[in-house]
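Asker: Residue numbers (our numbering): 4 to 300.
For each residue, glycine too, the CB sits at the ideal point set by N, CA and C.
Note that the coordinates shown come from a computational prediction; the quantities given were computed from them, not determined experimentally.
Can you read through this structure? Questions will come right after.
So, in structure tokens, the structure goes:
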């Protein structure tokens, strides 16, 4: 394949689309796999590629063990490439249109029980950083926040009269999740001592020992540290608390639309994954309680 065309495409992604270096690396890797496939098929010109070639590439990637999600990302990269080549009059059609990746079984999110979360958040509050970490974990579980949303919280994000947060979520969409009494008390406790750590004019709610906004990796490490100290065998991480928040709310309320709103999901289908978790719980209750489900001793 012609390297100048690819160089122009990657330059376009970098300068005009302003994609991050991480995204560019993904595009380059995906397209490298495809160009290697083309070379193995003795295809040396973009215009010679048709839909059947794309389908053969998808089949090859599937046989190599790539997940449906990974193949879908590769197809997305190739669609973008051929859209660019169409604009450059290098091809007459986009052969990737209409080609889809094989579906992968949807993985159910993990959850953690309220008892384990109580154990995790039972901290010695004589340590100021433990006070901070407790407030962080209470907001994760109490509001269903994403890690990036919690890191981005500013002092002005807190609406005390309504006990809500102004959160900037995916796609820079704003929402206002409420927080409960335990989260309120933990947050107020932290804010009373926050000035001991925060640099002057720092607006972040949660700061590191250096006084600046705490990083996502630091939060992950601190939660992992507390779980280990508490003797919790299950891997605990921020998104697990978000999953647990959603699952526990749905289990109690059966209000899928409310959970969608609280999580900030753009589509209800994203939230519906939690109905499978709720069904698993109901199935266990049925098996344990229904006379027709009980096995004879």
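Looking at the C-beta of residue 218, does it have a partner C-beta in chain C at a distance below 7 Å?
Answerer: In summary, chain C is missing from the structure at hand, where a single protein chain is found.
Asker: What separation, rounded to the nearest whole angstrom, lies between the Cα atoms of residue 212 and residue 56?
Answerer: Straight-line Cα distance between these residues: approximately 55 Å.
Asker: Determine the extent of the alpha helix (DSSP H) in which residue 145 is found, giving its start and end residues.
Answerer: 131–146 is the extent of the alpha helix (DSSP H) around residue 145.
Asker: Can you round the beta-carbon distance between residue 49 and residue 88 to whole angstroms, since I take them to be within the 8 Å contact cut?
Answerer: Confirmed, Cβ separation roughly 6 Å.
Asker: Under 7 Å, do residue 84 and residue 13 count as touching if we go by C-beta distance?
Answerer: Not closer than 7 Å, so no.
Asker: Express the C-alpha separation of residue 232 and residue 300 in angstroms, rounding to a whole number.
Answerer: Low confidence applies here, because residue 300 scores a pLDDT of 47, under 50, leaving its location unreliable and the question unanswered by this model.
Asker: Just reading off the alpha helix (DSSP H) that residue 26 is part of, what are its end residues?
Answerer: Its alpha helix (DSSP H) spans residues 24–43.
Asker: Apart from the five residues just before and just after residue 140, which ones in its own chain have a Cβ nearer than 6 Å to its Cβ?
Answerer: Hits under 6 Å: 124.
Asker: List the whole-angstrom C-beta distance separating residue 16 from residue 27, where the pair is believed to meet the contact cut-off of C-beta under 8 Å.
Answerer: Residue 16 to residue 27, Cβ: 6 Å. Contact.
Asker: Write down the C-beta distance between residue 154 and residue 219 rounded to the nearest angstrom, noting that I regard them as a contact closer than 8 Å.
Answerer: Yes, residue 154 and residue 219 are in contact; Cβ-Cβ is about 5 Å, under 8 Å.
Asker: Out of 72, 227, 162, which one is the CA nearest neighbour of residue 106?
Answerer: Taking only the C-alpha atoms, the option nearest residue 106 is 72.
Asker: If you drop the 5 nearest sequence neighbours on each side, which residues of the same chain put their C-beta closer than 8 Å to that of residue 187?
Answerer: So the qualifying residues of the chain are 166.
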